[in-house]
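Protein chains in written order, with the working numbering: chain Z, 10 to 362; chain W, 4 to 516.
For each residue, glycine too, the CB sits at the ideal point set by N, CA and C.
In what follows, a structure is listed as structure tokens, so that the remarks can point back to it.
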């Protein structure tokens, strides 16, 4: 079911944590709320869940108004699924009883054995775990059980509060894939709160970028990554190379050459945003091209970050190249720019964080 | 939809409940304060500034001045031997050094004085209360020693410090809060101690108040003495609160990954350490238990009234159960408020309930006697009033335990249950109560065990005809019927064992890593 927020605001004492949030979460699919810690994203999720109530604005789940400035539907009547940061499994109940918790007072989950089995299968857990207690599970397994428990009540919307951030890197990717798969399999509407831009971009159909209590941009992962509304969002979503330049007739000119601009801005001086992977690094050839000197290479395995100084000019840029090519690079290289770029009027730099 | 109680807002009903509990626990303090004002400065001066009061003050102070450093030295030294050296039998010593808490101080006093009258007076009193109370320093220091990250000492060694310099400059400063906290606890116990000192004929404020009360009942002299005693307790309490804030935080994250390295004692050092430990345990545990055993064997067992022991035990257990239930019910809202709704008001409620525990039992009893005689005569010398006294004295034992278990049931679990469709009462029944039940149980057990060995307040407040193990023991011991006292002492020691076990459980669990 879709979720609609209109003008939602919330303050704690003197501090206003949320400023007039408007957001539409479409039915089905995952919407990621992405922002640095302290930006208010968890508060927003708690308002949707009903653990807290807004000072102003309205929240609707489907056609039903669940909260306004005066009244609030208690969480148990909202049909939500909630997956907390560290799972919040009930430590005194077995996995089976945890999953069956929302289905009524089934003792030990016996009455709901079939449902529990089906849900364990959806989250890719072995059926023999039913009798285990939460402390006997790994962090990744706990999160999967937490999702199964949330899905058991067939919620209108599943709310996930940084569900993978407490897992170590090895477990995180596998758990995330399973959780997303399970959400897709049940055709659930999900809202995922995260501070990890790679997680937001890879998990969601829609990314809502938050900063200092405001929604800055809402769009598809590709839109927020390649067409950020300002340089602050650009840098938050990934490494950015920003070069001074100018825009004329939909083309941006900078030290790396001339490329089409994705979202038209008025002609004139501009900051040109390039993602490091748009810069290809090759050997120096006679055909010319842009020459640069390698200052430093950081090798990550699948890829490498190459810091370069343009020659002539001296501007520093960073390129991301496939790892297997990194070792073969000479000190002097030739650069080429690929794909469209984004450009901003110069003053937008001020709003970056 | 309905109006929403925002997160962070304290439910008014719960706060009211907590406030009522706090008011009850504040009765003794308010009584003393109001009485001091009512009696007026001139009369108070006349009652306080007397040679007799000066002597009591001197006695109390000199006892504290000697016993506190002794307890600190013995407790810290013992903790260091057990935790940081390779002295043989560390695990056994670890248990034996906490075990003197099993013998209530008034039984310890009885055990010694029934063997030899030479322990009467100041030196004997110093020795016996030191032996009874040094574990109050030993236990926190053991905890602090375990809580120190070994990496700190290793870093000091890497920076060129030798082992002794490391002990002095790195370890000792971290032990200071634990040692001082333990010493202040000993101080509060000394101010409150009645039985042991009365037994050893060493008069302090507490014994003098009791004697005054016995002779003049509700006299102003006793009440004014109580005021001085409370003032002494408050001085210690304020100091303790200032320190405890820091120590508690320091002791929270005790999950130390590695054990610290232990000092090697040479053959001579090992022999010396063993001799000291054996001597300490024999004096603190061996003598009292041996004395009780001796009187059990030699006492005239043929004439001993076993049926009275049985009926007294039963009535004591009954009082213990009723008191534990009442105290736990009072502790629940206090613990709940302090964990879930931390704020100035809830902090005030929680702190108020700790004051009764720090006040001597004799003051609590005196306050309740005076207040009921004045305002609620039908309550005077009734079981409910005795139970209220127990609640005032022991509510922190329950609060601390319930608090700890509530921290294991964080609000996020409530929220998860709410999201799954459970209403607040259902959340309580299905999630919160099952999770805190063990902690509530332990708290109630601690209160129960404290009640069954309580002497002072029971002597003053027990309804006529109601006897507990402690009061029976006391009247037998006072009339020098040592043989008849011993069985009561044995039952009380046996009943204290589980509470000592519960109180030291965390510490022992970490020994067995």
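Query	Result
Would you mind sorting residue 48 of chain W into buried or exposed? The rule is 16 or more other CB atoms within 10 Å of its CB.	exposed
Kindly indicate which three-state DSSP category residue 451 of chain W falls into: helix, strand or coil?	helix
Output needed in chain order: residues of the region 423 to 441 of chain W with a Cβ under 7 Å from some Cβ in chain Z.	423, 424, 425, 426, 434, 437, 438
Quickly, what does DSSP pair residue 226 of chain Z with across the bridge? List them, please.	Z/218
Chain Z partners of residue 415 of chain W, CB-CB under 7 Å?	93, 97
Mind checking residue 353 of chain W: buried by the 16 CB within 10 Å criterion, or exposed?	buried
Under the rule that 16 or more other beta-carbon atoms within 10 Å means buried, what is residue 7 of chain Z, buried or exposed?	This structure gives no information on residue 7 of chain Z, because the portion of chain Z shown stretches from 10 to 362.
Look at the alpha carbon of residue 226 of chain W and the alpha carbon of residue 22 of chain W, and state the distance between them as a whole number of angstroms.	26 Å
Please state whether DSSP places residue 389 of chain W in a helix, a strand or coil.	helix
Hey, is residue 75 of chain W's beta-carbon within less than 8 Å of any beta-carbon in chain Z?	no
Does the beta-carbon distance from residue 132 of chain Z to residue 203 of chain Z come in below 8 Å?	no
Alpha carbon to alpha carbon, what distance is there between residue 476 of chain W and residue 460 of chain W?	15 Å
Taking Cβ-Cβ distances shorter than 7 Å, what residues in chain Z pair up with residue 345 of chain W?	Those do not exist, as residue 345 of chain W stays about 14 Å from chain Z at its closest Cβ, beyond 7 Å.
Since residue 58 of chain Z meets chain W, which of its residues come closer than 9 Å, beta carbon to beta carbon?	418, 421, 422
Taking C-alpha atoms, which residue in W/207, W/203, W/373 lies nearest to residue 58 of chain W?	W/207
Kindly indicate if chain Z contains any beta-carbon less than 8 Å away from that of residue 13 of chain W.	no
Looking at the C-beta of residue 85 of chain Z, does it have a partner C-beta in chain W at a distance below 8 Å?	yes
So if I threshold CB-CB distances at 9 Å, which residues from the region 155 to 168 of chain Z count as touching chain W?	155, 158, 159, 161, 162, 164, 168
Considering only residues of the same chain and omitting the five flanking positions on each side of residue 340 of chain Z, which have a CB-CB separation below 7 Å?	302, 303
Terminal residues of the continuous beta strand (DSSP E) containing residue 20 of chain Z?	12 to 21
Given residue 326 of chain W, which residues of its chain have a CB within under 6 Å of its CB, disregarding the five upstream and five downstream residues?	390, 393, 454
Between which two residues does the alpha helix (DSSP H) holding residue 418 of chain W run?	414 to 422
If I'm right that residue 227 of chain Z touches residue 217 of chain Z with Cβ under 8 Å, what's the distance once you round it to whole angstroms?	5 Å
Scan the region 274 to 300 of chain Z and note each continuous alpha helix (DSSP H) run of 4 residues or more that stays entirely inside, going in chain order.	none
Checking the sheet assignment: what are the DSSP bridge partners for residue 331 of chain Z?	Z/312
Using a beta-carbon distance below 8 Å, is residue 111 of chain Z in contact with chain W?	yes
Given that a residue counts as buried once 16 or more other Cβ atoms are within 10 Å of its Cβ, and exposed if not, what is residue 3 of chain Z?	Residue 3 of chain Z lies beyond the stretch modelled for chain Z, which goes from 10 to 362, so this question has no answer here.
Residue 214 of chain W lies in the alpha helix (DSSP H); which residues open and close that run?	208 to 219
Quick one: does residue 121 of chain Z have its CB under 8 Å from some CB of chain W?	no
Check whether chain Z comes within 8 Å of residue 496 of chain W, counting only Cβ atoms and requiring the distance to be less than that.	no
Once DSSP output is grouped into helix, strand and coil, what is the label at residue 353 of chain Z?	strand
Contact between the region 127 to 137 of chain W and the region 170 to 178 of chain W: three or more CB pairs below 8 Å?	no
Residue 169 of chain Z and residue 200 of chain Z: beta carbons closer than 8 Å?	yes
With a cut-off of 8 Å on the beta carbons, I'd call residue 185 of chain Z and residue 173 of chain Z a contact; round off their distance for me.	5 Å
For residue 276 of chain W versus residue 182 of chain W, is the C-beta spacing smaller than 8 Å?	no
How is residue 29 of chain Z classed by DSSP in three states: helix, strand or coil?	strand
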